[in-house]
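Those letters in the sequence shown? Residues 1 to 156, per my numbering, in order.
Glycine is no exception: its CB is placed at the ideal position from the N, C-alpha and C atoms.
The model shown is predicted, which means the values in this text are computed figures rather than measured ones.
Structure first, commentary second.
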Amino acid sequence: MLTAAMATHVFVSPSAGQILAALRPACLPWIIKNYTDDFPALWLGCGEQVRDAAQYIASNTTTIVIYLDHCYIPGSSSLRAWPMLSMGIHNEPRHRKTSLLPLWRTYLTLRLAPCSIQLTHAALDTMLDTTDSRRFDLPLEIAKDQVVLLVNNLGP
1 MLTAAMATHV FVSPSAGQIL AALRPACLPW IIKNYTDDFP ALWLGCGEQV
51 RDAAQYIASN TTTIVIYLDH CYIPGSSSLR AWPMLSMGIH NEPRHRKTSL
101 LPLWRTYLTL RLAPCSIQLT HAALDTMLDT TDSRRFDLPL EIAKDQVVLL
151 VNNLGP
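See below:
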């Protein structure tokens, strides 16, 4: 899957014109994340069918992030932190911290990447736990619904 971003000022969503200029010449499909500030420009730039499909997907999607450092404005100091599970890509409040510490210690000691299987299980358990009030309110029935897991790396 190709991921791309349009360069704007830090933490500023692209305008409808920037979105159209980037996507139309290449006839690229649009994958729209459920980020509220992006919606007005996206709705201005896309057709009704695309908007309806995107709204359906967004209302049936949940995300989780495993991050190794905080997001910070370029030029400011980084706040070093332990890896955490978070509910979104913009440093929303952490969900869990301690379960990833053993993996992080292994990484620091042996210079090995954290175990992807354990991280995947932690993320899926968090997103699909129907008894957890902190997760997004998805209309999900674990016994019969199919789930798609999309993993990407938007980091450096």
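For the candidate residues Q55, G75, T63, whose alpha-carbon lies nearest to that of D129? T63
Would P74 be called buried (16 or more neighbouring beta carbons within 10 Å of its own) or exposed? exposed
Using the C-alpha atoms, what's the distance from T131 back to D125? 11 Å
Judging by CA-CA distance, which residue of T120, Q18, A122, T61 is the nearest neighbour of D145? T61
Apply the 10 Å Cβ neighbour rule to A57 and answer buried if 16 or more other Cβ atoms are within range, or exposed otherwise. Ala is not the amino acid found at residue 57; the sequence shown has Ile there. Classification of I57: exposed, given that the 10 Å Cβ count is below 16.
Express the C-alpha separation of L20 and R51 in angstroms, rounding to a whole number. 14 Å
Taking all protein chains shown into account, decide if K97 is buried (16 or more other Cβ within 10 angstroms of its Cβ) or exposed. With a pLDDT of only 47 at K97, under 50, the local geometry of the prediction cannot be trusted, and the value read off the model is given with reservation. K97 is exposed by the Cβ-count criterion.
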